[in-house]
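*Asks:* Below you'll find the structure I mean.
Protein chains: 2
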Amino acid sequence: MITLSEENYLKAIYHLERQMGGAVSTNAIADKMETKASSVTDMVKKLADKDYIIYKKYQGVSLTAKGNKTAANVVRKHRLWEVFLVEKLNFSWDEVHDVAEQLEHIKSPKLINELDVFLEFPTHDPHGDPIPDKDGNISKLDKISLSKVALNDLCTCVGVIDSSAEFLKYLDKHKIALGTQIKVIEKESFDESMTIVIHNSELNISKTVANNIYVKTH
Amino acid sequence: MITLSEENYLKAIYHLERQMGGAVSTNAIADKMETKASSVTDMVKKLADKDYIIYKKYQGVSLTAKGNKTAANVVRKHRLWEVFLVEKLNFSWDEVHDVAEQLEHIKSPKLINELDVFLEFPTHDPHGDPIPDKDGNISKLDKISLSKVALNDLCTCVGVIDSSAEFLKYLDKHKIALGTQIKVIEKESFDESMTIVIHNSELNISKTVANNIYVKTH
DNA sequence: AATAAAATTTAGACATGTCTAAATATATAT
DNA sequence: ATATATATTTAGACATGTCTAAATTTTATT
Ligand SMILES: [Mn+2]
Ligand SMILES: [Mn+2]
Ligand SMILES: [Mn+2]
Ligand SMILES: [Mn+2]
Numbered sequence: 272m273i274t275l276s277e278e279n280y281l282k283a284i285y286h287l288e289r290q291m292g293g294a295v296s297t298n299a300i301a302d303k304m305e306t307k308a309s310s311v312t313d314m315v316k317k318l319a320d321k322d323y324i325i326y327k328k329y330q331g332v333s334l335t336a337k338g339n340k341t342a343a344n345v346v347r348k349h350r351l352w353e354v355f356l357v358e359k360l361n362f363s364w365d366e367v368h369d370v371a372e373q374l375e376h377i378k379s380p381k382l383i384n385e386l387d388v389f390l391e392f393p394t395h396d397p398h399g400d401p402i403p404d405k406d407g408n409i410s411k412l413d414k415i416s417l418s419k420v421a422l423n424d425l426c427t428c429v430g431v432i433d434s435s436a437e438f439l440k441y442l443d444k445h446k447i448a449l450g451t452q453i454k455v456i457e458k459e460s461f462d463e464s465m466t467i468v469i470h471n472s473e474l475n476i477s478k479t480v481a482n483n484i485y486v487k488t489h
Numbered sequence: 272m273i274t275l276s277e278e279n280y281l282k283a284i285y286h287l288e289r290q291m292g293g294a295v296s297t298n299a300i301a302d303k304m305e306t307k308a309s310s311v312t313d314m315v316k317k318l319a320d321k322d323y324i325i326y327k328k329y330q331g332v333s334l335t336a337k338g339n340k341t342a343a344n345v346v347r348k349h350r351l352w353e354v355f356l357v358e359k360l361n362f363s364w365d366e367v368h369d370v371a372e373q374l375e376h377i378k379s380p381k382l383i384n385e386l387d388v389f390l391e392f393p394t395h396d397p398h399g400d401p402i403p404d405k406d407g408n409i410s411k412l413d414k415i416s417l418s419k420v421a422l423n424d425l426c427t428c429v430g431v432i433d434s435s436a437e438f439l440k441y442l443d444k445h446k447i448a449l450g451t452q453i454k455v456i457e458k459e460s461f462d463e464s465m466t467i468v469i470h471n472s473e474l475n476i477s478k479t480v481a482n483n484i485y486v487k488t489h
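Below, the structure is given as structure tokens:
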């Protein structure tokens with residue numbers, strides 16, 4: 272039986288493996304989990320004993336097939352619950368994270384199957400992140416950062432990288448949501464800020480904001 | 272911050288206080304929680320320190336107002352989730368318990384409020400048990416055990432006492448559900464079994480079965 | 001290649017929640 | 001009232017997950 276802590280570590284490693292490539296370092300895990308490197312070392316030994324990860328002293332860790340499937344299933348549950356909260360319980364996209372963080376650990380295959388049915392098999396969560404299927408497979412959408420979009424190109428917002436409440440509220444304030452059409456009409460080279468048109472009005476956004484918005488070009 | 276274990280103990284004490292009257296003994300809690308008396312002693316000390324219960328050595332425990340409200344809220348969450356599972360996710364009433372046992376510990380006032388709205392403010396769970404309101408108040412329905420019903424009286428099944436999967440499946444097999452009309456047409460005095468009519472057919476049930484069905488007389 | 005800096009692991013501690021076995025208190029029986 | 005049985009608590013142990021401080025290994029610098 273896997274514990275809640277083990278699931279959280281596996282999920283962190285799963286995300287880090289995708290973010291970086293190759294082995295995930297102890298410090299990277301400690302940063303993401305907001306814990307100490309020594310705690311990480313303790314835990315990765317346990318996870319390696321249980322065959323969820325490959326761990327070589329001082330060399331970082333990587334998920335085994337078993338670990339990847341387990342982690343993907345936690346992510347699947349997290350994102351399905353986020354959809355439920357937004358679609359059915361009137362949560363906004365900046366309110367779902369902490370609750371999903373708890374709900375993702377509920378153990379019941381039937382529950383998550385039926386939730387999937389009830390939500391009519393959603394493919395993406397409220398932040399535009401893809402929902403892994405039962406086997407841990409995940410659809411790779413061809414999305415790019417808004418900061419990479421060429422001048423005068425039209426694109427659609429399909430996701431966010433930073434999904435902190437602060438950033439999401441900033442987007443809300445400026446009426447940027449998933450599905451919103453965006454046109455880049457100016458780029459400042461000195462600070463890499465850009466002017467965009469949304470809902471027929473102009474908005475200047477910083478490099479940081481542009482970096483954290485995923486779009487699909489038309 | 273209250274822990275999952277503390278919540279489970281409070282809930283057990285809450286149910287036992289209702290079942291018996293007066294102080295709840297260490298052994299009664301140990302039985303209900305399927306743990307050892309020594310573990311109970313350890314935990315009741317913590318709960319008393321946190322003002323959830325009154326504990327006098329060797330004299331058992333009783334909930335404080337704070338403890339009662341906290342316990343009732345766990346019960347509220349448990350029962351609302353059970354309604355959700357049955358009404359929305361196609362669970363049957365014998366499948367919900369273990370999952371609700373986990374879901375009841377999710378911490379989010381908004382979640383449980385919105386779930387209540389989404390389910391349209393249910394007053395009872397799938398087993399006929401009343402759902403406490405936000406303040407821990409609970410409606411007392413005038414229900415009695417089927418074994419107490421007089422000969423030839425017509426009544427309606429409104430709940431069960433034993434909500435084990437075994438018993439619930441027995442009821443399913445014999446087409447007894449909440450809302451089912453029941454007429455007692457014969458009582459055997461030697462073993463206290465009885466013959467009832469449901470859906471126009473006769474059925475003989477044991478004393479134990481009759482004891483575990485709650486009904487409302489007409 | 002030797003040294004300094006950074007990353008990682010180990011050692012020892014603590015908190016939570018559990019257990020067994022032993023001690024103590026309460027209840028029951030003679 | 002004393003002895004016996006039952007209920008409860010205490011003592012000491014263990015597992016999980018965390019931490020700080022010290023030791024060790026790896027990486028970067030000169
Ligand atoms: Mn989590
Ligand atoms: Mn998300
Ligand atoms: Mn529980
Ligand atoms: Mn119930």
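Chains as they are written, first to last, in my numbering: chain A, 272 to 489; chain B, 272 to 489. No residue lacks a Cβ here, since even glycine has one placed at the ideal position from N, Cα and C. Nothing here was measured: the structure is a model prediction, and the numbers come from that model.
Would you check if the stretch 275-286 of chain B and the stretch 305-317 of chain B touch, i.e. whether three or more CB-CB distances between them fall below 8 Å?
*Replies:* A contact between stretches requires three or more CB pairs, one per stretch, nearer than 8 Å, and the stretch 305-317 of chain B meets this requirement with the stretch 275-286 of chain B.
*Asks:* With A:P401 and A:I409 assumed to form a contact (beta carbons below 8 Å), what rounded beta-carbon distance in angstroms separates them?
*Replies:* The residue you call residue 401 of chain A lines up with position 130 of the first sequence. The residue you call residue 409 of chain A lines up with position 138 of the first sequence. Confirmed, Cβ separation roughly 5 Å.
*Asks:* For B:K405, decide whether its Cβ has a neighbour in chain A, counting only Cβ atoms nearer than 8 Å.
*Replies:* For the purposes of this step, residue 405 of chain B is taken as the residue at position 134 of the second sequence. No, because no Cβ of chain A sits closer than 8 Å to the Cβ of B:K405.
*Asks:* So that I know if they touch, is there some Cβ in chain B lying closer than 8 Å to that of A:F392?
*Replies:* For the purposes of this step, residue 392 of chain A is taken as the residue at position 121 of the first sequence. So, not an interface residue.
*Asks:* Counting beta carbon pairs with one atom in the stretch 349-356 of chain B and one in the stretch 337-345 of chain A, are three or more of them shorter than 8 Å?
*Replies:* No, because fewer than three Cβ pairs between the stretch 337-345 of chain A and the stretch 349-356 of chain B fall closer than 8 Å, the two stretches do not touch.
*Asks:* Around ligand 3, what residues have a beta-carbon under 6 Å from a heavy atom of it, in chain order?
*Replies:* B:N279, B:E372, B:E375, B:H376
*Asks:* Taking buried to mean at least 16 other C-beta atoms within 10 Å of its own C-beta, is A:N423 buried or exposed?
*Replies:* Within the first sequence, residue 423 of chain A is the residue found at index 152, counting from 1. Exposed.
*Asks:* Determine the contact status of A:L360 and B:F392, defining contact as a CB-CB distance below 8 Å.
*Replies:* Walking along the first sequence from the start, residue 360 of chain A turns up at place 89. Walking along the second sequence from the start, residue 392 of chain B turns up at place 121. No, the pair does not count as a contact, with Cβ atoms beyond the cut-off.
*Asks:* Is it buried or exposed for B:Y329, if we count other Cβ within 10 angstroms and need 16 for buried?
*Replies:* Here the question's residue 329 of chain B lines up with position 58 in the second sequence. So B:Y329 counts as exposed.
*Asks:* Could you tell me whether any non-hydrogen atom of ligand 4 is closer than 7 Å to the CB of B:E366?
*Replies:* What you label residue 366 of chain B is simply residue 95 of the second sequence in a count that begins at 1. B:E366 Cβ: outside cutoff for every heavy atom of ligand 4.
*Asks:* Going by the CB atoms, is the gap between A:I469 and A:I447 shorter than 8 Å?
*Replies:* The sequence position of residue 447 of chain A within the first sequence is 176, counting from 1. The sequence position of residue 469 of chain A within the first sequence is 198, counting from 1. It is a contact, given that the beta carbons lie within the stated cut-off.
*Asks:* Using a C-beta to C-beta distance shorter than 7 Å, which residues of chain B count as neighbours of A:F461?
*Replies:* Residue mapping note: residue 461 of chain A aligns to position 190 of the first sequence, counting from 1. Within chain B, no residue comes near A:F461; the closest Cβ sits about 43 Å away, beyond 7 Å.
*Asks:* The beta strand (DSSP E) with A:Q452 in it runs from where to where?
*Replies:* Numbered from 1 along the first sequence, position 181 holds the residue referred to as residue 452 of chain A. Run containing A:Q452: 452-458, per the beta strand (DSSP E) assignment.
*Asks:* Within the same chain, show all residues whose beta-carbon is closer than 6 Å to that of B:A371, passing over the 5 residues directly before and after it, in chain order.
*Replies:* Translated into positions along the second sequence, residue 371 of chain B becomes position 100. The residues are H349, W352, E353.
*Asks:* Can you tell me which of the three DSSP states A:Y485 falls into?
*Replies:* Residue numbering aside, residue 485 of chain A sits at position 214 when the first sequence is read from its first letter. The answer is strand: DSSP assigns A:Y485 an E or B state.
*Asks:* Got a sec? Which residues, its chain only, sit under 6 Å from B:N344 by beta carbon, not counting five neighbours each side?
*Replies:* Within the second sequence, the letter at position 73 stands for residue 344 of chain B. So no residue of the chain qualifies.
*Asks:* For B:V370, does the three-state DSSP call read helix, strand or coil?
*Replies:* Indexing the second sequence from 1 puts residue 370 of chain B at position 99. Helix.
*Asks:* When the cut-off is 8 Å and only beta carbons count, does B:I273 lie next to chain A?
*Replies:* As a first step, residue 273 of chain B is located in the second sequence; it is residue number 2 there, counting from the start. No, B:I273 does not count as interfacial toward chain A.
*Asks:* In the DSSP assignment, find the alpha helix (DSSP H) that holds B:S477 and state where it starts and stops.
*Replies:* Taking the first residue of the second sequence as position 1, residue 477 of chain B is located at position 206. Segment: none, B:S477 is in no alpha helix (DSSP H) and carries neither H nor E.
*Asks:* Give the range of the beta strand (DSSP E) segment to which A:L334 is assigned.
*Replies:* Working through the first sequence from its first residue, we reach residue 334 of chain A at position 63. A:L334 -> beta strand (DSSP E) spans 332-334.
*Asks:* If you measure between the beta carbons of B:T335 and B:D322, is that distance less than 8 Å?
*Replies:* Here residue 335 of chain B corresponds to residue number 64 of the second sequence, with the count starting at 1. Here residue 322 of chain B corresponds to residue number 51 of the second sequence, with the count starting at 1. Against a cut-off of 8 Å, the Cβ pair of B:D322 and B:T335 comes out as a contact.
*Asks:* For B:S477, go through chain A and note every residue whose CB falls closer than 8 Å to its CB, in chain order.
*Replies:* For the purposes of this step, residue 477 of chain B is identified with residue 206 of the second sequence, where counting begins at 1. By Cβ distance, chain A contributes nothing, its closest Cβ being about 31 Å from B:S477, past 8 Å.
*Asks:* Return the CA-CA distance between A:S434 and A:V486, expressed in angstroms with no decimal places.
*Replies:* Stepping through the first sequence from its first residue, residue 434 of chain A is reached at position 163. Stepping through the first sequence from its first residue, residue 486 of chain A is reached at position 215. Cα to Cα, the separation comes out at about 15 Å.
*Asks:* Taking A:K378 as the query, report the chain B residues whose CB atoms sit under 9 Å from its CB, ordered along the chain.
*Replies:* To locate residue 378 of chain A, count along the first sequence from 1; it is residue 107. Ordered by position in chain B, the residues that pass the 9 Å Cβ test against A:K378 are D369, V370, Q373.
*Asks:* Here's the rule: buried if 16 or more other CB atoms are within 10 angstroms of the residue's CB, otherwise exposed. What is B:D387?
*Replies:* Position 116 of the second sequence, counted from the first residue, corresponds to residue 387 of chain B. So B:D387 ends up on the buried side.
*Asks:* Could you check whether the Cβ of A:E353 sits closer than 7 Å to any heavy atom belonging to ligand 2?
*Replies:* The residue you call residue 353 of chain A lines up with position 82 of the first sequence. For ligand 2, at least one heavy atom lies less than 7 Å from the Cβ of A:E353.
*Asks:* For A:D400, verify whether its CB is less than 7 Å away from any heavy atom of ligand 2.
*Replies:* Here residue 400 of chain A corresponds to residue number 129 of the first sequence, with the count starting at 1. Yes.
*Asks:* Going along the chain, which residues of the stretch 350-369 of chain B sit with their C-beta nearer than 9 Å to a C-beta in chain A?
*Replies:* Sequence-ordered contacts of the stretch 350-369 of chain B with chain A read L356, K359, L360, N361, F362, E366, D369 [C-beta pairs closer than 9 Å].
*Asks:* To the nearest angstrom, how far is the alpha carbon of A:K440 from that of B:K440?
*Replies:* If you number the first sequence from 1, residue 440 of chain A lands on position 169. If you number the second sequence from 1, residue 440 of chain B lands on position 169. If I take the Cα positions, the gap works out to 49 Å.
*Asks:* Taking the continuous alpha helix (DSSP H) assigned at A:Y280, which residues delimit it?
*Replies:* Mapped onto the first sequence, residue 280 of chain A falls at position 9. Residues 275-290.
*Asks:* Would you check if the distance between the CB atom of B:G331 and the CB atom of B:A294 is smaller than 8 Å?
*Replies:* Within the second sequence, the letter at position 60 stands for residue 331 of chain B. Within the second sequence, the letter at position 23 stands for residue 294 of chain B. Taking 8 Å as the Cβ cut-off, B:G331 and B:A294 qualify as a contacting pair.
*Asks:* With the cut-off set at 8 Å, would you say B:N482 and B:S416 are in Cβ contact?
*Replies:* Taking the first residue of the second sequence as 1, we reach residue 482 of chain B at position 211. Taking the first residue of the second sequence as 1, we reach residue 416 of chain B at position 145. Against a cut-off of 8 Å, the Cβ pair of B:S416 and B:N482 comes out as a contact.
*Asks:* Going by alpha carbons, who is nearest to A:E459 out of A:I453, A:S418, A:R289?
*Replies:* As a position in the first sequence, residue 459 of chain A is number 188, starting the count at 1. Here the closest residue by C-alpha is A:S418.
*Asks:* B:S310 and B:I324: beta carbons closer than 8 Å?
*Replies:* Within the second sequence, numbered from 1, the residue matching residue 310 of chain B stands at position 39. Within the second sequence, numbered from 1, the residue matching residue 324 of chain B stands at position 53. Their beta carbons are not under 8 Å apart, which means B:S310 does not touch B:I324 by this criterion.
*Asks:* Write down the C-beta distance between A:V420 and A:T488 rounded to the nearest angstrom, noting that I regard them as a contact closer than 8 Å.
*Replies:* Translated into the one-based positions of the first sequence, residue 420 of chain A becomes position 149. Translated into the one-based positions of the first sequence, residue 488 of chain A becomes position 217. About 6 Å separates the two Cβ atoms, so the contact holds.
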